[in-house]
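Numbering (full-length UniProt numbering), first residue to last: 1 to 271.
Structure first, commentary second.
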Ligand SMILES: Nc1nc2c(ncn2[C@@H]2O[C@H](COP(=O)(O)OP(=O)(O)OP(=O)(O)O)[C@@H](O)[C@H]2O)c(=O)[nH]1
Ligand SMILES: [Mg+2]
């Protein structure tokens, strides 16, 4: 049995920390706000034992929607990346995969109003998954969209593909992302993308991107360069996409990125 204390300001972030450290079956033993710092403090364990139950009366399964979660601001995750890199498909996987947000109340927010059919693609996934969908057309819509999805615990944001010609549009998208202030922004990069292109995207997007999300690893499973580029730019990799099936073809990357880059070739057998 492992029992740990986690502190932070956002309940959703703490949940993620707890799950990362103790696994998906982790149980919250107590939640309190510390009088000294005003931060949230969570005591969690990886298993419920008689000893735990006796020592802490308040046992909350991590997947239940506690009052603390209900009142917390939704965790906002946005995907950005080149045209056709898998943003919309990956959002649908994230909303439904049990290792991602499959057990949370998820809402979709689409900023992709440029391409004909883009919102419909996400709407189809939203209908299938019974997930609410909001669409923001301009910066002024963002606050209302967030308000409409305020009851969700996670908001997944879809953005238009980013080609070299869409520079002006992308400024509008950046302004919308600034307004939305996401907790995480993942750059989706197909594994077979030209290395220089990956590097120039990361150099250009810079601090706006918090993570790299490799996609299409099934198409080039021995190609490790996307992980190498992510490591070189100090961007963590939390998930990777390994095929077209929603939500099955999503993998959580738990290992150290460099170690992972070294042995992905052998892991490819398991894809
Ligand atoms: N083989 C493979 N195909 C994928 C993967 N992820 C997405 N795709 C496919 O790639 C194509 C484009 O996926 P989308 O999710 O529409 O990509 P997008 O980034 O949203 O595209 P735009 O919105 O046009 O920029 C679709 O046919 C997906 O099924 C993957 O991991 N492996
Ligand atoms: Mg898309």
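Yeah, the Cβ is synthetic: ideal placement off N, Cα and C, and Gly gets one too.
Because the structure is a prediction, the values reported are computed rather than measured.
- Proximity of the beta carbon of residue 160 to ligand 2 is indicated: a heavy atom of the ligand is located closer than 8 Å.
- A straight-line Cα-Cα distance of about 14 Å links residue 216 and residue 91.
- In the three-state DSSP reduction, residue 158 falls in the strand class (E or B).
- Short note on residue 89: C-beta closer than 8 Å to some heavy atom of ligand 1.
- The bridge partners DSSP lists for residue 6 are 42.
- Residue side-chain check: residue 120 keeps its Cβ at 8 Å or more from all non-hydrogen atoms of ligand 1.
- A buried status is given to residue 188, since no fewer than 16 other beta-carbon atoms sit within 10 Å of its beta-carbon.
- Assignment of residue 125 by DSSP, reduced to helix, strand and coil, places it in the helix class.
- Ligand 1 approaches residue 85 closely enough that one of its heavy atoms is under 8 Å from the residue's Cβ.
- In chain order, 87, 187, 188 place their CB closer than 6 Å to the CB of residue 81, counting only its own chain and leaving out the 5 sequence neighbours on each side.
- Put simply, the backbone Cα of residue 221 is about 21 Å away from that of residue 83.
- The beta-bridge partner set that DSSP reports for residue 190 consists of 215.
- Distance from the C-beta of residue 179 to the nearest heavy atom of ligand 1 is not below 8 Å.
- Taking residue 102 as the centre and dropping the five residues before and after it, the same chain places the C-beta of 96 closer than 6 Å to its C-beta, in chain order.
- Per DSSP, the beta-bridge partners of residue 240 are 251.
- Taking all protein chains shown into account, residue 194 has fewer than 16 neighbouring C-beta atoms within 10 Å of its C-beta and is therefore exposed.
- The Cβ atoms of residue 79 and residue 156 lie closer than 9 Å to each other.
- DSSP places residue 133 inside the beta strand (DSSP E), whose first and last residues are 133 to 135.
- In the three-state DSSP reduction, residue 138 falls in the coil class, being neither helix nor strand.
- Not one heavy atom of ligand 1 falls within 8 Å of the beta-carbon of residue 128.
- Residue 110: member of the beta strand (DSSP E) spanning 106 to 110, first to last residue.
- Under the DSSP assignment, residue 26 falls outside any alpha helix (DSSP H); it carries neither an H nor an E label.
- In the DSSP assignment, no residue is bridged to residue 14.
- DSSP lists no beta-bridge partner residue for residue 149.
- Per DSSP, the beta-bridge partners of residue 33 are 40.
- The three-state secondary structure of residue 72, taken from DSSP, is coil.
- In summary, residue 171 is exposed, with fewer than 16 beta-carbon neighbours lying within 10 Å of its beta-carbon over all protein chains present.
- Taking residue 23 as the centre and dropping the five residues before and after it, the same chain places the C-beta of 46 closer than 6 Å to its C-beta, in chain order.
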